[in-house]
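Novice:
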Amino acid sequence: MEENIFNTIRHEYKIENCIIEKRNDSTDGNVYTIFDNQNKFIAKIYKQEEHTKSMINLHLFLIKNGFIVPNIVKNINGDYYCNIENNYIVVYTFINGEQYGPKIENIENIEYKNNIVRKLAIQLRKLHEITRDNNFNLKEIEIHNSKKENERKSVLHFDLTKDNIFICKDKIGFIDFDDAKYGDSLFDVASVICFLFISKKRGVDENSINVFLNSYYNNETEVKRREIHMIKTYAHEWIKEVLKNENLDKPIKESFIFKDKMIRKINIGGSKNEAHNEIKRGSI
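The structure is reproduced here in structure tokens:
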């Protein structure tokens, strides 16, 4: 099967003299890096044609609206994907930039870091604002017992890890929308706080949480007041959804359980929290 995929990629995309390597950082095992003499690409293998089309349409829409996301390479027939043995191949370009994690984690210039966090918040809010309707046939997710008047629904990236956010000069780029869903925008807000600003190694970054929230809501005081107390609940529901993935290894599962515990103790939007009392040194 894998050899057939390699041959299809080489032929259908006219990159015969290339090296194709399976990526070990994919929990689903469906991602390959393609190296040729001049360029580098990512090939993803999807099992469902409908999801494949959703990914293509979402990327094209975001590119049209000025977002920095991977472009999709057309094959020799002018199509955005190939079908092989009921699997669907999509080839993406690489983003030119630096991943959020290595770029930010060791920065001592607080104002520079705050500026990156602000730009991230603004770009995420823009994503939510322009995708109010589920035009991409994404799985819809909702929180149980949520108050309908508090919902701002949109496309959700749902996996904004430090590896999936890129700093491209002075702009923010996003990659890997494979887990994208449609639902309350607060899911993404909560997941960013958990992914980027809470860890065993560094504890709770209250400053970045406040900078992120203030920039995301900007001058919308009433919306912020209405939603901010719900972030913990959405974080908990998001973590429950993530932990359904049976391919997660034990350290990653433990990391999410830790984040869930910590965010319950944070006074979101306040000046103090209980979480620091229970921070243990260790890896993320």
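Numbers 0 to 283, taken from numbering that gives the first Met the number 0, label the letters of the sequence shown in order. Built from N, CA and C at the ideal position, the CB exists for glycine as well.
(1) DSSP on residue 135, reduced to helix/strand/coil?
(2) Whole angstroms are fine: how far does the CA of residue 70 sit from the CA of residue 95?
(3) Since residue 157 and residue 179 should fall inside the 8 Å C-beta cutoff, what is the C-beta to C-beta distance between them, to a whole number of angstroms?
(4) Look at the Cβ atom of residue 12, then the Cβ atom of residue 72, and state whether they are nearer than 8 Å.
(5) Tell me whether residue 159 sits in a helix, a strand or coil according to DSSP, three-state version.
(6) DSSP state of residue 122, grouped into three classes?
(7) Any heavy atom of the ligand ZN within a distance shorter than 7 Å of the CB on residue 95?
(8) Closest by CA to residue 40, which one among 119, 223 and 91?
(9) State the beta-bridge partners of residue 14 as determined by DSSP.
(10) Answer yes if the segment 53 to 68 comes into contact with the segment 170 to 185, meaning at least three C-beta pairs across the two stretches below 8 Å, and no otherwise.
(11) Relative to the C-alpha of residue 253, which candidate in 264, 239, 265 and 266 has its C-alpha closest?
(12) When the Cα atoms are used, what is the spatial distance from residue 262 to residue 118?
(13) Would you decide whether residue 259 is buried or exposed? Buried here means 16 or more other CB atoms lie within 10 Å of its CB.
(14) Could you check whether the segment 159 to 168 touches the segment 181 to 201, counting it as contact only if at least three pairs of C-beta atoms, one from each stretch, sit closer than 8 Å?
(15) For the alpha helix (DSSP H) that contains residue 63, what are its first and last residues?
(16) Taking only runs that begin and end inside the segment 153 to 209, name each unbroken alpha helix (DSSP H) of 4 or more residues, in chain order.
Specialist: Let's see:
(1) coil
(2) 12 Å
(3) 6 Å
(4) yes
(5) In this structure, residue 159 counts as coil in the three-state DSSP scheme.
(6) Correct three-state label for residue 122: helix.
(7) The ligand ZN is absent from the structure shown, which contains no ligand whatsoever.
(8) When each option's Cα is compared against that of residue 40, the closest is 91.
(9) Looking at the DSSP assignment, residue 14 forms no beta bridge with any residue, so it has no partner.
(10) Per the Cβ contact rule, the segment 170 to 185 is in contact with the segment 53 to 68 (3 or more Cβ pairs under 8 Å).
(11) 239
(12) 23 Å
(13) buried
(14) yes
(15) 48 to 63
(16) Listed in chain order, the complete alpha helix (DSSP H) runs (minimum 4 residues) inside the segment 153 to 209 are 185 to 196.
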